[in-house]
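What follows is a set of notes on a single structure, which appears directly below.
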Amino acid sequence: MSVQPNTPKPVIKKIDIDAVLRERLGSRYRFVPRPLVALLKRVVCQDSLNDLLDKTGHLRDAEFCHAVLRELDITYGVVHPERLPAPADRRVIFVSNHPLGGLDGMVLIDLLTSLYGPGLKFVVNDLLMAIDQLKGVFLPVNKLGKQSRDASDNLTRALEGPDPLVIFPAGLVSRRGADGAVADLEWHKMFINKAIASRRDIAPLFFSGRNSNFFYNFAYMRRRMGLKFNVEMALLPAEVFKQRSRNFTIVAGPRVPWNTLSTGSRAAADAREIKDRVYSLENETERDSLRTNNDSQ
């Protein structure tokens with residue numbers, strides 16, 4: 024009987040706030056109060072995140088997302104699944120609101136790869152490439168500086184290819200406005216220009232859900248204090264765990280043909296119009312055509 028060699032387990036990168044501070048601050052690290060380090064660890068839920076990674080971190084891309092959703096007992100359903108493109112007609116750009124800042128992306132990856140296969144790409148801020156488990160599905164763009172040649176080439180290849188792309192056009196998680204409504208900030212027009220250039224239709228999705236009042240109140244106070252850096256992003260890991268055992272609804276909207284869109288000065292107006300269409304989907308509450316993922320949990 025032959026002995027099969029043991030397959031080495033993948034090294035799982037753990038969350039280590041202490042190590043990050045040491046790396047970023049260098050010699051100044053010694054001035055950081057230890058209680059502050061302990062507080063930061065609690066704020067970002069370091070122990071809970073590492074426990075979750077212990078159970079799921081060996082997986083990649085859609086399998087990782089599915090495992091995280093299962094561990095957190097997250098379920099979802101789709102209203103109007105008949106509006107979703109057929110697998111043979113999957114060369115579209117999906118756009119969605121961004122209410123949660125993490126789980127919404129994982130749900131969409133889980134849903135859309137189950138329909139269209141592993142070739143799906145999610146256009147994200149290049150900072151998210153630090154998440155090793157999702158590097159295969161993420162397509163990074165630099166939203167703060169000059170785009171690298173490799174990133175630009177990868178985006179071009181994906182747009183020219185046969186598989187769907189997913190974009191959160193706001194680029195940031197939704198905020199609560201003065202009227203109390205939770206909604207995305209301005210949608211950037213990039214997805215309009217890319218849809219026209221690649222001749223891809225837009226497939227709108229509305230994602231139900233919201234973060235805690237504490238998150239929105241913190242973001243409001245940060246703005247009132249005149250701080251430009253989005254400090255509330257550090258709260259998003261805690262928001263993930265607050266969503267445990269939730270069920271989310273995704274409403275698929277009517278497809279928008281690429282040849283009805285405009286470039287130039289009209290592109291921003293088209294982006295606003297599609298954003299409005301997405302939020303109008305919130306009112307479509309028919310349950311007769313609901314498709315759920317309950318059977319796959």
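Read in order, the letters of the sequence shown correspond to residues 24 to 320 in my numbering.
Backbone N, C-alpha and C define an ideal beta-carbon position, used for all residues, glycine too.
- Check the Cα spacing between MET152 and each of LEU123, ASN216, PRO163: the tightest is with PRO163.
- Rounded to whole angstroms, the separation of the alpha carbons of GLN266 and VAL115 is 29 Å.
- When DSSP states are grouped into helix, strand and coil, ILE116 belongs to the strand group.
- Excluding its 5 nearest sequence neighbours in each direction, ILE215 has C-beta neighbours in its own chain below 6 Å: LEU284, ALA290, ASP293, ALA294, listed in chain order.
- Non-local C-beta neighbours of TRP210 in its own chain, meaning closer than 6 Å and more than five positions away in sequence, comprise PRO192, ALA193, ALA294, LYS298, ordered along the chain.
- Residue pairing of ARG199 in beta bridges, as defined by DSSP: VAL205.
- For the region 229–300, the full-length alpha helix (DSSP H) segments reaching 4 residues or more read 236–247, 259–265 along the chain.
- By alpha-carbon distance to LEU228, the top candidate from VAL130, VAL301, SER221 is VAL301.
- Per DSSP, reduced to three states, the secondary structure at ASP127 is helical.
- With a threshold of 16 other beta carbon atoms within 10 Å, SER288 falls short and is exposed.
- With a beta-carbon spacing of about 7 Å, VAL130 and ILE97 fall inside the 8 Å limit used to define contacts.
- Less than 8 Å separates the beta-carbon of LEU135 from that of PRO187.
- Here SER231 is buried. Its C-beta has 16 or more other C-beta atoms within 10 Å.
- For LEU92, the enclosing alpha helix (DSSP H) covers residues 84–94.
- Positions of the alpha helix (DSSP H) runs, each at least 4 residues long and wholly inside the region 125–192, are given as 126–139, 172–183 in order along the chain.
- Between ALA85 and ASP133, the C-beta gap is smaller than 8 Å, which places the two residues in contact.
- For VAL102, the enclosing beta strand (DSSP E) starts and ends at 98–102.
- ASP224 sits in a strand when the DSSP states are folded into three classes.
- Fewer than three Cβ pairs drawn from the region 69–86 and the region 235–251 lie within less than 8 Å of each other, which leaves the two stretches out of contact.
- Counting every other CB atom within 10 Å of its CB across the protein chains shown gives ARG113 a total of 16 or more, marking it as buried.
- Distance from the Cα of VAL279 is smallest, within the candidate group LEU107, PHE252, GLN156, HIS121, for LEU107.
- Separation of VAL101 and VAL118 (C-alpha to C-alpha, rounded to the nearest whole angstrom) is 15 Å.
- Contact annotation: VAL205 and SER197 have beta-carbon atoms nearer than 8 Å.
- If you check the CB distance, GLU255 and PHE238 come in under 8 Å.
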